[in-house]
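S.K.: Just so you know, the sequences run in chain order A and B.
Residues in the first sequence are numbered consecutively from 10, following my numbering.
Residues in the second sequence are numbered consecutively from 5, following my numbering.
Here a beta-carbon is modelled for each residue, glycine too, at the ideal position from N, C-alpha and C.
Here it is: the structure, laid out below.
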Amino acid sequence: MRFACCIIVLALITTFSSKSFAQNNITISGVVKEKDSGDGKAGVTISAGKPPKPIGYSDSEGRFSVVVPVGSELIFSFVGFIPVNRTVTANVTSLEITIEASQNSMQEVVVQGFKSKTRETSSGSSTVISGRAVQNVPVSNVVELLQGKVAGLNVQNNTGSPGSMGTIQLRGLSSNNISADGFLTPTSPLFVIDGVPVDVNTNYEYGFQGGGPGISPLALIPPEDIEQFDVLRDAAATSQYGSRAAYGVIIITTKRGQSKVPIIQYSSNFFMKTPPRLREIVGGREERLNRIRAILDYDTSILSSQALINQTPFLSDSLNPYFNNATNWQDYYFRNTFNQQHNLSIYGGDRTFNYKTNLNYYKEDGIVENTGFKRYSLSMNALYQPTDAFRMVVNLSGSLGQKQNGSGVGLVQTGVAAGSSTSSLLPPPSLFSENNSALATASIVNNNKTTNIASSLDLQYEPISGIRFGNLLSYSFNSGTADRFTPSFLKSGSSEAYNYNDRTYTLYNRSTISLVKTLNDIHNFSGYVFNEINSYGFRASAILLNQTPNDQIQGPLGYNWSATRGGTLNNINDTRQHGYGASFSYNYDRKYILDISYRFDGLSTNGPSQGYSQNPAISVRWNFNKEKFFDNSGWLTYGSLRGSWGRNIKPTGSIFDVFGKYRVGDQYNNNPTVYIDYNIVPNTNFLPETQTQTNGGLEFGLWNNTVEATFETYYRSIDNQVMDIALADINGFNMLKIYAKSLVNYGFEWSTNFRLLKQNKTWQWSVSVNGGLNKDVLTKLPNELRQMTVGINETVNGVTTSVPVVYRIGRNSLSNLMFHTQGIYASTDDVPVNIATGKRLQLGNGTGYYFQGGDPRWTDINGDYVIDENDLLPIGNPQPLVTGGIGSQLSYKGFQLNVNVTYTIARDLLNTALADALKNYTSPTSLNALLPIDNFNYWKPSPSDKGTGTVNAQYPNPYDFRRAGTLMPFRTNQTLFLEDGTYWKINNMVLLYNVNRDVLKRFGMTSCRLSLSANNVYTFSNYSGPDPELVTGLGRDNSGGYPNARSYAVGINIQF
Amino acid sequence: MKNKKIKNSGSITILFLCVVMISISCNKYLPEDRETVGEDSQFTVDMYQPVLGRTTFFTDNFFKGSTSFPASFKIVNPRRRSGEPANELTDVFPVKVWKKAYDGNEKSLAEIEAKREIQNRPIFEMSPHTGALTMWAEARSAYIRSQPDSGYLFDIELSNSGGRRYYRNMKLMPLRERPYEPSNYNPISGQPLSNGVFPSVVSNIKGVATNRYLSFYDVDVYIRKLEGTGVTSNSLSFKFLDTLFNPIDPALFSNTDWPNLVHGFDMKMTATGVTYNVAFPIPLVELPTRYTTPDGRRSKVQFGYSRLGFGGRKEDALLGLDFAIYEPGSWEIVFAFKNENPKFTND
């Protein structure tokens, strides 16, 4: 490699030196050093002349040598660094240049719309995150590390399943639609990776609903390859992405070659993942005695209790080896794992031609047995720009993700949850034991793959100065397969083979004509028109074979044809979209900026009577620091005010919702018949979801950017949300899908950055604080309703519980419908009595279940002395009020310590896991796990009178098992289990060390960085459950989630 | 220079405040969070026919629909059918209400009475948040119009933060007092239809004369309130009469669980009858206890004796009555064997 470098440098020297005899030339040599590290900086462009033209580059050690006329001015420049000018004098032939990274965020290049601009002239709201922020900490999905980095971007890593993705929301809740099993519709922003749009919401449901591979498309991106993220927040910034941009846009740009000297970079991480602290369980004899005591104390009579114990073999037959155990089930599920990742990238080139190739390998074994994720990826890009008039960029990337889900499906691990809540009295897993979920977790053969090929070609041609033609074509193809084989001993003698495959494609083409004109050096006009074609589709097929010949032959036919299934799944989808638009920008001396854009979109899922959807956007910016009255203010480095208004859409529904679904029926008169599916009425007025957003922002930098701050406020309304409306049975059809729901998010965001120590000290410390306060309000429901209840059937540990969700206008868009628990009745005398009938408060009308001491005190809202569905109230908000993060970067010479903290404040969580654990006590004859109950302040009767007991108990009497079946004192739909989910989390801590350059020289390296990191370090929270982050989008802590692992990594990054 | 600096940082503060104000001012365009009064909400019962002299609690009479709770309910404009206001429904009366739950385990009358108190309430009352209606036991046909009169009309106002709604012309048509059950009074005219009522259980009782098993038709039960001199307290007596209306010694019903026959105290047994001091109504609460039928709606008494029948077989005879008495006073229940006397001797 060094040899190659030398040749190139020599070639350069000879090239440039051959031109330089005519004048009074001088050879200048020297070294360019980077200010932060003091190391030589490779690839710095050295230009001279008027206008400046590149005449040379620094080599891999920062050395350069150029021949120039005396008196000419040399410019040393590098992207992201402040250029340094030096005038050549006759007596100086050696120069040492120190080049410093640009701290002026106004000159940052941001991508808004389809164009890159400096931040100073962009009027939309966006944030740039450097790719460095997500490197050094090995994770399977790079989105995990965006948590707490961007104000208004709420990332909740609510699954630890390798290769999956948590939930991600930009500026609050965008949809309150809920699937029947209790999952909130994902509303992740649109990702655009090197020009290829990736919509992670579509087909996302395969992660938990079916047999899909459960690999998030974002898990296929190697983090090391990422140059920067552009998070576009407001409608003005995203307007050009019109379709599908309603939830925001995140643009991921991968690295480009930018060094004349080819660079080979290798980085590697070795990391260990450890499961979180497992819960304590009562085991063996203690568990048995606990159950027996409960039965003896609380059964209706002593005879009945003895009979019950004798009828329950695992209580009475204590010497039977099958029941005489103390098994710690959790041990069979969780493990520590050792993992690795490797990345090799080769890049180089200059402005006219550059290239990059990146190879990545990542392997992670999940902390749950038989789970894991592997990524193989190869990506490359190249830019060719022989003249200013022509430019071509090609991106190609291929990646393969491989995943094992164990007995679960991606997000949820119900097998583990059910298994680890099994009684310790049962024997450890074996072929002969009753509880097979442990065995299932370990022995289900499960192999899931996702392959992704993405490519894009960006061509630009400028035949006349100022008019530019551009075309971007991208194509992405995703293929997923899942194979699962359940041996017969796990499934009551019926083996099962399940094969699934899907394919997703996205074809995208955009043509633009753009125009740039500057008048009198101060009036800058630019504009473009574009047309866009977008086509994407998804199709999944599955086959389920029941009872294969034996456990070795996994197909091709199942013996039991009646339980065997196969075919294309009904989530098939093929969508077309085409859009036209124009954009116009004007800025006056970079002081007043106006952007207007307008686009209209036609969608195949639009109702034909609704035509094109119109999406206008307008935004302005005022850089007030350029005003005269700030001329003398040394303290204000920059300052600007922004405002924008605009609209975007998001296609929802499918073509079947618009045109109906037609089926092939029986023969009639020997002719085939076709009839309409009577489930959903075609709705030709169907509209896409629309977001209208107003945004205001203030940005300023003070005291030479020692303090930088951005404050934003927004109001976004999401209208036309789809809803199924059940029709009266006289209609013939069952359901109508209409756009009928609206919700509003408004909030305030802040991001500030402080450089706490002077720029030129050896100690450098900067702290950034960002966050967003968001409130959502439901503003419209169908049929003029003000309140609606949506039932949910969540299955937790095999038990279906239901805490419905309430939509109520004027309130946060998701509330739980639940009883309000005001403590526990200390004694039966405390129960209110109906003055007319003399009866105590009762559960349900006429059930005969009267409340007594030790029962939860549920508020009787309507005062009828009956606790029933009329007493349910909409309570709680599962959406956090404030989310954000704090980052600290401290460096001293070659050392750097980065600490990232995130916070989520004011969020109501439903601790279903705790309810579930306590509920186990109410069924002493079931083989479930018992948690040590002494940690809880539960109601205990006084020895003399069972009607009175603990005053101010927090939890009801768990032992009253005869009444518990009906009363359900540990039901989840009560505020007893609604807790504040506020947490502060130390996300990660990274210690970096840049090895001294002089040492490296000996090994032929130009840079070597060692890193030590810990991820998911510690969570501070008052929440009583295991992890306040590991909850569903509805804020429910089902114990079936895949726990987040803590990881420790050692890494190395070498550059040649 | 310094002044200028202050002025400038002032202007940046103003800008900042503007941004904050914009964000706050958005609030007022949003709909407010309020309760709903539903179009589909209805009272499922619009004619209420309580029996006077008993506390009647009408509940579960409102279909909530899309109305959200908490909501307020109010009786508005109670009036007679003729249109004049019915002040007797709105005036407050001293009524006896429960303040603690009766459970059937009380050991004395004082303990029972300690669970009740007198409060002044309208005689026909609506629960403020439920829509449930109560007619208190103190209502009497003396001042409340009862059937065959067409009674009263009233409107109900339902309101909450979402608005208000009126349900008009609900009907209240009380029935005359029937102080005990089973009753031999016509509910509308208030006139007795028969001499007495039938017992609930007549089993294995053999007649002395014919040696046949007696049936319900052989026993009349008279439930009578004793009035006049010497009647002071709330009591309940049981008496048994033979065909000649001579008293039968209650001690002959030797299998009877006398102490727990009714929830009464200070049992006095004589050769002519047995008397308890009791609290009214009987049963006190519609709650299954040891003194009541399984549904708790009636008090249950059973008198039994055993004798050796034909062939030396043991026969357990049983005479029982499920009853309720609503009016306080000194009451007696008389079992009259009108056709044949029961046989207590062995065969």
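(1) What's the gap between the Cα of Asn937 (chain A) and the Cα of Gly1034 (chain A)?
(2) Which residues, in chain order, does the region 764-798 of chain A contribute to contact with chain E at a C-beta distance below 7 Å?
(3) Apart from the five residues just before and just after Ser314 (chain A), which ones in its own chain have a Cβ nearer than 7 Å to its Cβ?
(4) Kindly list, in the order they appear in chain A, the residues whose Cβ is closer than 8 Å to that of Phe61 (chain B).
(5) Which of the three DSSP states is assigned to Ile734 (chain A) in this structure?
(6) Quick one: grab the DSSP three-state call for Tyr874 (chain A).
(7) Asn7 (chain B) CB to nearest chain A CB: under 8 Å?
(8) If you measure from the CB of Gly590 (chain A), is any heavy atom of the ligand SAM nearer than 7 Å?
(9) How is Thr459 (chain A) classed by DSSP in three states: helix, strand or coil?
(10) Mind checking Pro1037 (chain A): buried by the 16 CB within 10 Å criterion, or exposed?
(11) Taking Cβ positions, are Ser197 (chain A) and Gly172 (chain A) nearer each other than 8 Å?
(12) Please report whether the beta-carbon of Arg6 (chain A) lies at a distance below 8 Å from any beta-carbon of chain B.
(13) Applying a beta-carbon distance threshold of less than 7 Å, which residues of chain A neighbour Gly166 (chain B)?
(14) Counting contacts by CB-CB distance shorter than 8 Å, is Gly872 (chain A) in contact with chain B?
(15) Quick one: any contact between the region 821-828 of chain A and the region 39-51 of chain B, if contact means 3 or more CB pairs under 8 Å?
(16) Over the uninterrupted beta strand (DSSP E) stretch that includes Phe242 (chain B), give me the two end residues.
(17) Using a cut-off of 9 Å between C-beta atoms, extract the partners of Ile818 (chain A) located in chain B.
(18) Run down chain B in chain order and give the residues with a C-beta less than 8 Å from the C-beta of Arg849 (chain A).
(19) Which residues does DSSP list as the beta-bridge partners of Leu899 (chain A)?
(20) Cβ of Asn729 (chain A) within 8 Å of Cβ of Asp785 (chain A)?
(21) Compare the C-beta of Asp44 (chain B) with all C-beta atoms of chain A and state if any pair is closer than 8 Å.
(22) Please report the distance separating the alpha-carbon of His351 (chain A) from that of Pro232 (chain A).
(23) Would you grab the beta carbon distance between Val377 (chain A) and Tyr342 (chain A) for me? Rounded to a whole angstrom, and I think it's under 8 Å.
(24) Can you pull the chain A residues whose beta carbon is under 7 Å from the beta carbon of Pro64 (chain B), in chain order?
(25) Near Ser26 (chain A), which residues of its chain fall below 6 Å by C-beta distance, leaving aside the five closest residues on each side in sequence?
(26) Roughly how many angstroms separate the alpha carbons of Tyr723 (chain A) and Ala1058 (chain A), rounded to a whole number?
(27) When the Cα of Asp610 (chain A) is compared with those of A:Val673, A:Ser544, A:Leu524, which residue comes out closest?
(28) To the nearest angstrom, how far is the alpha carbon of Lys372 (chain A) from that of Arg297 (chain A)?
(29) Apart from the five residues just before and just after Asn909 (chain A), which ones in its own chain have a Cβ nearer than 7 Å to its Cβ?
(30) Could you say if the region 62-74 of chain B and the region 186-197 of chain B meet the contact criterion of at least three C-beta pairs nearer than 8 Å?
(31) Looking only at C-alpha atoms, which of A:Ile64, A:Arg300, A:Ile55 sits nearest to Asn94 (chain A)?
(32) Does any residue of chain B bring its CB to less than 8 Å from the CB of Asn634 (chain A)?
(33) Using 8 Å as the threshold, is the C-beta distance between Thr48 (chain B) and Pro54 (chain B) below it?
(34) Of all Cβ atoms in chain B, is any one closer than 8 Å to the Cβ of Val753 (chain A)?
(35) Any beta-carbon of chain A closer than 8 Å to the one on Thr138 (chain B)?
(36) When you compare the CB positions of Ala245 (chain A) and Gly655 (chain A), do they come within less than 8 Å of one another, or not?
M.R.: In this structure, then:
(1) If I take the Cα positions, the gap works out to 19 Å.
(2) The displayed structure is made up of protein chains A and B, and chain E is not among them.
(3) Correct list, in chain order: Ile304, Leu305, Asp308.
(4) The contacting residues are Asn843, Ala845, Thr846.
(5) Strand at Ile734 (chain A).
(6) Coil.
(7) Confidence at Asn7 (chain B) is low in this model, with a pLDDT of 44, below 50, so its placement is unreliable and the value that follows should be read with caution. Against chain A, the CB of Asn7 (chain B) has no partner CB under 8 Å away; the residue lies outside that interface.
(8) With respect to the ligand SAM, the structure shown offers nothing to examine, as it has no ligands at all.
(9) In this structure, Thr459 (chain A) counts as strand in the three-state DSSP scheme.
(10) Its Cβ being crowded by 16 or more others within 10 Å, Pro1037 (chain A) is buried.
(11) No, they are not a contact pair.
(12) As displayed, chain A neither begins before 10 nor continues past 1065, which places residue 6 (chain A) out of reach and without an answer.
(13) Chain A residues near Gly166 (chain B): Arg795.
(14) It does: the Cβ of Gly872 (chain A) has a partner Cβ on chain B nearer than 8 Å.
(15) They do not touch, by the three-pair rule.
(16) Start and end: 239-245.
(17) The contacting residues are Pro35, Glu36, Asp37, Arg38, Thr40.
(18) Close partners of Arg849 (chain A) in chain B (Cβ separation under 8 Å): Ala105.
(19) Note: Leu899 (chain A) is bridge-paired with A:Trp774, A:Leu906 in the DSSP secondary-structure output.
(20) No, the Cβ-Cβ distance between Asn729 (chain A) and Asp785 (chain A) is not below 8 Å.
(21) Using a CB distance cut-off of 8 Å, Asp44 (chain B) does not count as an interface residue toward chain A.
(22) Per the coordinates, the alpha-carbon of His351 (chain A) lies some 11 Å from the alpha-carbon of Pro232 (chain A).
(23) Distance from Val377 (chain A) to Tyr342 (chain A) at the Cβ level is roughly 6 Å; contact confirmed, criterion being Cβ atoms closer than 8 Å.
(24) Before going further, note that residue 64 (chain B) is Asp rather than Pro in the sequence given. Ordered by position in chain A, the residues that pass the 7 Å Cβ test against Asp64 (chain B) are Asn854.
(25) Confidence in Ser26 (chain A) is poor, its pLDDT being 41 and thus under 50, which makes the residue's placement unreliable; the coordinate value appears in the next sentence. Excluding positions up to five away in sequence, the list reads Val76.
(26) Approximately 39 Å, taken between the alpha carbons.
(27) The residue with the shortest Cα to Cα distance from Asp610 (chain A) is A:Ser544.
(28) Cα-Cα distance, rounded: 43 Å.
(29) The beta carbon of Asn909 (chain A) sits closer than 7 Å to those of Gly157, Gly894, Gly896, Asn996, Asn997, all from its chain and outside the five residues before and after it, given in chain order.
(30) The region 62-74 of chain B vs the region 186-197 of chain B: no contact.
(31) Selected option, being the one with the closest Cα: A:Ile55.
(32) No, its Cβ sits nowhere closer than 8 Å to a Cβ of chain B.
(33) The answer is no: Cβ separation not under 8 Å.
(34) So yes, Val753 (chain A) belongs to the interface.
(35) Chain A contact via Cβ: present.
(36) Closer than 8 Å, so yes.
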